[in-house]
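> Before we start, here is the structure in question, set down as structure tokens.
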Amino acid sequence: MALTVGVDVGGTKIAAGVVTDDGTVLEKVRHPSPADDADALRRGIAAAVNELRNRHEVDAVGVSAAGFVSADRRSILFAPNLVWGHDPLADLLEKEVGSTVVVENDANAAAWAEHRFGAGQGVPDQLMVTLGTGVGGGLILDGKIYRGAHGVAAEIGHIGILRDGIRCQCGRTGCLEQYASGRALQRDAQIAADAGRAPHLLAAADGDPQRVTGALVTQLAHEGKEDALALIGQLAEHLATGISSLVSVLDPALVVLGGGLSEAGDVLLEPTAIALNRDLTGGDDRPGPELRIAALGNDAGLIGAADLAREGLESS
Ligand SMILES: [Zn+2]
Numbered sequence: 007m008a009l010t011v012g013v014d015v016g017g018t019k020i021a022a023g024v025v026t027d028d029g030t031v032l033e034k035v036r037h038p039s040p041a042d043d044a045d046a047l048r049r050g051i052a053a054a055v056n057e058l059r060n061r062h063e064v065d066a067v068g069v070s071a072a073g074f075v076s077a078d079r080r081s082i083l084f085a086p087n088l089v090w091g092h093d094p095l096a097d098l099l100e101k102e103v104g105s106t107v108v109v110e111n112d113a114n115a116a117a118w119a120e121h122r123f124g125a126g127q128g129v130p131d132q133l134m135v136t137l138g139t140g141v142g143g144g145l146i147l148d149g150k151i152y153r154g155a156h157g158v159a160a161e162i163g164h165i166g167i168l169r170d171g172i173r174c175q176c177g178r179t180g181c182l183e184q185y186a187s188g189r190a191l192q193r194d195a196q197i198a199a200d201a202g203r204a205p206h207l208l209a210a211a212d213g214d215p216q217r218v219t220g221a222l223v224t225q226l227a228h229e230g231k232e233d234a235l236a237l238i239g240q241l242a243e244h245l246a247t248g249i250s251s252l253v254s255v256l257d258p259a260l261v262v263l264g265g266g267l268s269e270a271g272d273v274l275l276e277p278t279a280i281a282l283n284r285d286l287t288g289g290d291d292r293p294g295p296e297l298r299i300a301a302l303g304n305d306a307g308l309i310g311a312a313d314l315a316r317e318g319l320e321s322s
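Residue numbers (the numbering used here): 7 to 322.
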């Protein structure tokens, strides 16, 4: 049985896991992520991989990272939260870990994992939307990751849903990420609490609007509190606006919602599905996609990266 390692490189930690060909994680290690030094970051990834290689025979390594990955999947072109330098990451890492390395965008890796082993198993055309601190996306078309001409397709968080809307880190205004991310939920919840429109949230945060978090909104929504449900309902409306545009173009069978915010489950899924059905062009006469919550949680990125590294071995 060929084993590969998947590495999920985040802003605070590097998680690496040994993954089997059916997507099972045999062992996982965590190392701190030195976010401000490209060489230290790469050495941290190599250390995590080599720790696992001491105990497992590994054939290839897949690295999942937030950012624009080059079309040849060897280097990172642009990343908002981590310093990678301009050196070809895969070439340098291969020397340090002694096996083939592929680099993949984190949302693509997660979408691939859900397609192969998770909520979208066996569905050839599906869209994944990851709702974390920001909003990311991955697109599986005809059973393959759609990467676009330059390798940077499916940046779903930066489709515009509102003209002259809130300014985004990407430099534009009105991006989906500014309305449907974990950060957006927290911002809107704090504003609502501060303005006296979220009494349950404010009480649960000991009267301090700044202590209202996205996780608290989700928790109170599960308890049926109207103010929390209204905030998630508002986010779901924005999310459906973004998804409906993509559905009009792509006609996927399935949309998978992943990322930390998707742990909200049905309180997010139901209003999003209702708003999406209402927004779809053609209304009731048009079959729409099914909407599901992702199944693999935080491990999706490393499982997907490991599987894509294995796929690279098989096709070479
Ligand atoms: Zn943007």
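Just so it is clear, CB atoms sit at the ideal spot from N, CA and C, and this is done for glycine as well.
Is R203 close to ligand 1? I mean its beta-carbon at under 7 Å from any heavy atom of the ligand.
Checking the Cβ of R203 against ligand 1 gives no.
> Could you check what DSSP says for N87 in three-state terms: helix, strand or coil?
Of the three classes helix, strand and coil, the one that applies to N87 here is coil, per DSSP.
> Beta-carbon within less than 7 Å of V55's beta-carbon, same chain only, minus the 5 sequence neighbours each way: which residues are those?
V11, V13, A22, V67 and V103, listed in sequence order.
> My understanding is that R178 touches H164, with C-beta atoms under 8 Å, so please give their C-beta distance in whole angstroms.
Confirmed, about 7 Å.
> Are the CB atoms of G180 and I172 nearer to each other than 8 Å?
Their beta carbons are under 8 Å apart, which means G180 touches I172 by this criterion.
> Restricting to Cα atoms, I'd like to know which of F84, V135, K34 and G149 is closest to L314.
Ranking F84, V135, K34 and G149 by Cα distance to L314 puts G149 first.
> Would you be able to state if there are at least three C-beta pairs under 8 Å between the stretch 92 to 110 and the stretch 214 to 228?
These segments do not touch.
> Please determine whether the Cβ atom of E110 lies at a distance below 7 Å from any heavy atom of ligand 1.
Not so, every heavy atom of ligand 1 lies at least 7 Å from the Cβ.
> Apply the 10 Å Cβ neighbour rule to N60 and answer buried if 16 or more other Cβ atoms are within range, or exposed otherwise.
Exposed: under 16 other Cβ atoms inside 10 Å.
> Could you spell out the range, first to last residue, of the alpha helix (DSSP H) harbouring V223?
Its alpha helix (DSSP H) spans residues G220 to H228.
> Along the chain, where does the alpha helix (DSSP H) that runs through K101 open and close?
Here the alpha helix (DSSP H) through K101 covers L95 to V103.
> Near ligand 1, which residues have their beta-carbon less than 6 Å from any of its heavy atoms, given in chain order?
Per the Cβ criterion, the list is H164, C174, C176, R178, C181 and E183.
> Find the nearest neighbour of E33 within the set L308, L207, L88 and D257, judged by alpha-carbon distance.
Considering only alpha carbons, the answer is L308.
> From Q132 to D212, what does the alpha carbon distance come to, in whole angstroms?
One C-alpha to the other measures close to 42 Å.
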